[in-house]
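Under this note's numbering, the first residue of the sequence shown is numbered 9, with each subsequent residue one higher.
Built from N, CA and C at the ideal position, the CB exists for glycine as well.
Values in this document were obtained by computation on a predicted structure and should not be read as measured data.
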Amino acid sequence: MNKEKIVLHIIERIEARIQKKENISVNEVAVIAGYTKRYTQKIFKEQTGMNISTYIRRRRLTQAAILIKMTKKTLYHIAMDLHFSTQQSFSRAFSREFDITPIDFRNGSYLDCSKLLPNRAIKLTNYHIQKTHIPALKLSVKSFCFYERLLSIKATRASKLRISEINNIISNKKEVIIITTVIPNSKIEDVVQLHTRIGYKDNETFNFETDIMQCWEITYSGGWDEYIKFGRSFMLELDFCSPLYFIEMIKKSEIDSSDDIYHVKIYLPVA
């Protein structure tokens, strides 16, 4: 096994522990790798540009940032869940990492993605980012309230309901438009509420309108399961601030609608 594959395996094991909110030490990582601690540290830094303890710390703090912004859990419970000794030590570590206090981060209007560290085991492909404008839209939509688990890339019941509604519309319309507002309201669980409108352009019998806006456009093509993983990961790759609001425009192949490839454009308003 070459160095890249060894480090990928290490990261996958680290991420599995982090997702379960379990502690993991550098010594345990060396045991997982099957090499000495010194050699494991060496090849990890060669492949990632950081040592193992830094990667673990930054991923835990990224996890914390998501929970702070997307839930109403107390800072104390987030700190304890992520194995910090005290809320004060957690707040100091968070402030050093992101140059902002946890409270100010939570109360800000936008999610600053620029310092978040993505899961290095996930390689996002088939996407492109550019700044553009989206025109005002008149839409016929249905409203839904979904609950999604944070910190997981697995498909959920909500994503299955979404794809069912999308496919129903695509069978009759050229394009599906989805408008989602993220509403943090859970004080106990790692879940977020999504107020979602799903529909299509309709200038005659519309029941919802959007304004023209400057935005970031993320273009993606792939299968639905891959898109779910992409949608849960791409925000951590961005180097700008994003509001908790976004628009998706989804099409399938005009040549073969039975093709399971979805062509998606995600629009994030410019902060």
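Exposed unless 16 or more other CB atoms sit within 10 angstroms - verdict on Ser61: Within the sequence shown, the letter at position 53 stands for residue 61. By the neighbour-count rule (16 or more Cβ atoms within 10 Å), Ser61 is not buried but exposed.
Segments of 4+ residues assigned as alpha helix (DSSP H) that fall wholly inside the stretch 80 to 154: 83 to 89, 95 to 106 and 110 to 115
Name the one or two DSSP bridge partners that Tyr208 has. Mapped onto the sequence shown, residue 208 falls at position 200. Answer by DSSP bridge pairing, in chain order: Ser148.
Inside the stretch 207 to 276 only - beta strand (DSSP E) runs reaching at least 3 residues: 216 to 218, 221 to 230 and 253 to 260
Does DSSP put Leu159 in a helix, in a strand, or in coil? Here residue 159 is taken as the residue at index 151 of the sequence shown, counted from 1. In this structure, Leu159 counts as coil in the three-state DSSP scheme.
As an exercise, report each continuous alpha helix (DSSP H) stretch of at least 4 residues that is fully enclosed by the stretch 48 to 81, in chain order. 60 to 78
Assuming Glu12 and Gln49 form a contact by the criterion Cβ under 8 Å, report the distance between their Cβ atoms to the nearest whole angstrom. Here the question's residue 12 lines up with position 4 in the sequence shown. Here the question's residue 49 lines up with position 41 in the sequence shown. Not a contact, Cβ separation roughly 16 Å.
With a cut-off of 8 Å on the beta carbons, I'd call Ala144 and Ile220 a contact; round off their distance for me. Sequence index remark: in the sequence shown, residue 144 carries index 136 (1-based). Sequence index remark: in the sequence shown, residue 220 carries index 212 (1-based). Going by Cβ atoms, the distance from Ala144 to Ile220 rounds to 5 Å, so yes, they are a contact pair.
Top-ranked residue by Cα proximity to Phe216, from Val149, Thr227, Val272 and Val199: As a first step, residue 216 must be located in the sequence shown, where it is residue number 208. When each option's Cα is compared against that of Phe216, the closest is Val149.
C-beta atoms of Ser194 and Lys80 nearer than 8 Å: What you label residue 194 is simply residue 186 of the sequence shown in a count that begins at 1. What you label residue 80 is simply residue 72 of the sequence shown in a count that begins at 1. For Ser194 and Lys80, yes; Cβs fall inside 8 Å.
Hey, is the stretch 199 to 210 in contact with the stretch 163 to 180, meaning 3+ C-beta pairs nearer than 8 Å? yes
Cutoff 7 Å; reference Thr140; Cβ partners in own chain excluding five residues on either side: Counting from one through the sequence shown, the residue named residue 140 turns up at place 132. Result list for Thr140: Cys223 and Glu225, in chain order.
Contact criterion: CB-CB distance below 8 Å. Does Ile171 meet it with respect to chain D? Protein chains in the displayed structure number just one, and chain D is not present.
Give the range of the alpha helix (DSSP H) segment to which Ile40 is assigned. In the sequence shown, the residue the question calls residue 40 occupies position 32. Residues Val34 to Ala41.
Quick one: what's got a C-beta closer than 6 Å to Lys146's C-beta in the same chain, skipping five residues either side? The residue labelled residue 146 in the question sits at position 138 within the sequence shown. Correct list, in chain order: Asn211, Phe214 and Glu217.
Which residue spans inside the stretch 9 to 33 form an unbroken alpha helix (DSSP H) run of at least 4? 11 to 27
Leaving out five residues on either side along the sequence, give the residues of the same chain with a beta carbon under 7 Å from the beta carbon of Arg114. Walking along the sequence shown from the start, residue 114 turns up at place 106. Here the set comprises Ile76 and Lys77.
Cα-Cα, which of Gly231, Thr44, Leu124 and Asp233 is closest to Leu246? Counting from 1 along the sequence shown, the entry for residue 246 is found at position 238. Comparing Cα positions, the closest option is Leu124.
Per-residue DSSP class, three states only, for Ile177: Here residue 177 corresponds to residue number 169 of the sequence shown, with the count starting at 1. DSSP places Ile177 in helix when its eight states are reduced to three.
Identify which residue in Lys45, Tyr135, Ile18 and Thr94 has its Cα closest to the Cα of Met243. Counting from one through the sequence shown, the residue named residue 243 turns up at place 235. Selected option, being the one with the closest Cα: Tyr135.
What does the Cβ neighbour count give for Val184, buried or exposed, with the cut at 16 atoms within 10 Å? As a position in the sequence shown, residue 184 is number 176, starting the count at 1. It is buried - the Cβ of Val184 has at least 16 other Cβ atoms within 10 Å.
Three-state class that DSSP yields for Ile171 in the structure shown: Numbered from 1 along the sequence shown, position 163 holds the residue referred to as residue 171. If DSSP states are grouped into helix, strand and coil, Ile171 belongs with the helices.
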